[in-house]
Amino acid sequence: KAGVTQTPRYLIKTRGQQVTLSCSPISGHRSVSWYQQTPGQGLQFLFEYFSETQRNKGNFPGRFSGRQFSNSRSEMNVSTLELGDSALYLCASSRRGGNQPQHFGDGTRLSIL
Amino acid sequence: DQQVKQNSPSLSVQEGRISILNCDYTNSMFDYFLWYKKYPAEGPTFLISISSIKDKNEDGRFTVFLNKSAKHLSLHIVPSQPGDSAVYFCAAIINNNDMRFGAGTRLTVKP
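Note that the protein sequences, when read in sequence, are chains X and U. Residues in the first sequence are numbered from 1 upward in steps of one, following this note's numbering. Residues in the second sequence are numbered from 1 upward in steps of one, following this note's numbering.
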């Protein structure tokens, strides 16, 4: 069974640009969550999508947005990139979300120059 | 706001001994807790979980203890093995909503 796949693995952008990250969940998983990991801050919850609808949202500015497609694949977009957006962005999936343990991808390392 | 805190950024333990990783939380409404392990260049993997109606859950070498009155949970690994060296994150959930993670503790198990 294929795991959660995130593309690209690494990305370098400059301030002011925008970026789109992609996540393909495990087959049959309808819940997809996104997290930002920075040193010392652990994993910060961005948002969760379930059946193409954003179900939960963390405390991030509106520059961070996402969507989910009918095949449960999800994309995350960050506009007007700032230096502080440099982080590892992790995607996780589960069948229904909630208390179910999530399966994580290996992340996309975003570096802002 | 850090509702889930792991105050020890690192822990070093001798192989064969017990590793105890601690986690504190501030929101008494959290009703489900999980531990994840993360190796470098990989995403976190689920280890073990506990519901707030329990105070202990055991799975092989891993045991999670929950002390609701102290808003504290801990992960015990015994015996510790070098392959357990990784970053451990605790996480908490309220009402099936978003999962809040701690900052992680880097465990090093020395041979």
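A virtual CB, placed ideally from N, CA and C, is assigned to each residue, including glycine.
Determine the extent of the beta strand (DSSP E) in which residue i is found, giving its start and end residues.
i	result
residue 77 (chain X)	74-78
residue 7 (chain X)	5-7
residue 99 (chain U)	99-101
residue 47 (chain U)	45-51
residue 91 (chain U)	86-93
residue 38 (chain X)	31-38
Using beta carbons (cut-off 8 Å, strictly below), is residue i in contact with chain X?
i	result
residue 44 (chain U)	yes
residue 100 (chain U)	yes
residue 41 (chain U)	yes
residue 62 (chain U)	no
residue 104 (chain U)	yes
residue 74 (chain U)	no
residue 8 (chain U)	no
Return no unless some Cβ of chain U is closer than 8 Å to the Cβ of residue i.
i	result
residue 68 (chain X)	no
residue 106 (chain X)	yes
residue 90 (chain X)	yes
residue 71 (chain X)	no
residue 48 (chain X)	yes
residue 77 (chain X)	no
residue 62 (chain X)	no
residue 8 (chain X)	no
residue 101 (chain X)	yes
residue 16 (chain X)	no
residue 58 (chain X)	yes
Leaving out five residues before and five after residue i in sequence, what residues of the same chain have Cβ atoms less than 6 Å from its Cβ?
i	result
residue 88 (chain X)	37, 107, 109
residue 100 (chain U)	3, 4, 92
residue 77 (chain X)	20, 65
residue 24 (chain X)	5, 73
residue 37 (chain U)	45, 47, 86, 88
Give me, in chain order, the residues of the same chain whose beta-carbon lies closer than 7 Å to that of residue i; leave out the 5 immediate sequence neighbours on both sides.
i	result
residue 21 (chain U)	11, 74, 75, 88, 105, 107
In the DSSP assignment, what are the bridge partners of residue i?
i	result
residue 58 (chain U)	U:63
residue 114 (chain X)	There is simply no residue 114 (chain X) to check, as chain X begins at 1 and stops at 113 in what is shown.
residue 106 (chain X)	Answer is none; residue 106 (chain X) lacks a bridge partner.
residue 54 (chain X)	X:49
Leaving out five residues before and five after residue i in sequence, what residues of the same chain have Cβ atoms less than 8 Å from its Cβ?
i	result
residue 11 (chain X)	19, 21, 108, 109, 110, 111
residue 100 (chain X)	31, 94
residue 62 (chain U)	35, 47, 48, 75, 76, 77
Check each residue of the segment 27-46 of chain X: if its Cβ is closer than 8 Å to any Cβ of chain U, include it; give the result in chain order. Under the 8 Å Cβ criterion, the segment 27-46 of chain X contributes 33, 35, 40, 41, 42, 43, 44, 45.
Contact list for the segment 79-95 of chain U against chain X, Cβ threshold 7 Å: For the segment 79-95 of chain U, the set of residues with a beta-carbon nearer than 7 Å to any beta-carbon of chain X comprises 89, 93, in chain order.
Which residues, in chain order, does the segment 25-41 of chain U contribute to contact with chain X at a C-beta distance below 9 Å? From the segment 25-41 of chain U, only 31, 32, 34, 36, 38, 41 have a Cβ closer than 9 Å to chain X.
Report the residues of the segment 49-61 of chain U with a CB closer than 9 Å to any CB of chain X, ordered along the chain. Answer set for the segment 49-61 of chain U: 49, 51.
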